[in-house]
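Sequential numbering of the sequence shown, starting at 321, is according to our numbering.
For glycine and all other residues, C-beta sits at the position ideal for the given N, C-alpha and C.
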Amino acid sequence: MGVVNRAYAYSKMDNEDGEEMKHRRAQFLIYKAMQKADDVRRRPSWLRVKMFKLKIKIGKRFKKPHFYKQIASLFKSCKHFLHAKHHPAGGRALRPIF
């Protein structure tokens, strides 16, 4: 008994009921999930912010009529590569570019 009375000594804990252990574990997991959800809401992902800025930049470029005409003509000229339904007479089929 001399060991128990000393400071910072170990003491024997009572055995816990199985249901109490499950309940305590569930409370801990709920707490951690709520804490993680709060962290996500506070600060947006840097990757998401960068992608959003990139979409804005690309969108502004597409709105320019000259650039839009160039892209449209490029897609029209390459349409047969995207929707090739037959093989060329020479043998193997061409792989799609895009």
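With 16 other Cβ atoms within 10 Å as the buried cut-off, status of residue i
i	result
M321	The predicted model places M321 with a pLDDT of 48, which falls under 50 and marks its position as unreliable; any figure quoted below should be read in that light. The residue is exposed, with fewer than 16 neighbouring Cβ atoms inside 10 Å.
G338	exposed
G411	Because G411 sits at a pLDDT of 49, beneath the cut-off of 50, its placement in the model cannot be relied upon, and the following sentence gives the value as read from the coordinates. G411 is exposed by the Cβ-count criterion.
Heavy atom of the ligand NAD within 8 angstroms of residue i beta-carbon
i	result
S397	Among the ligands in the structure shown, none appear at all, so the ligand NAD cannot be discussed.
Other residues of its chain near residue i: CB distance less than 7 angstroms, five sequence neighbours each side excluded
i	result
A353	none
Own chain, CB closer than 8 angstroms to residue i, minus 5 neighbours either side, in chain order
i	result
N335	none
A327	none
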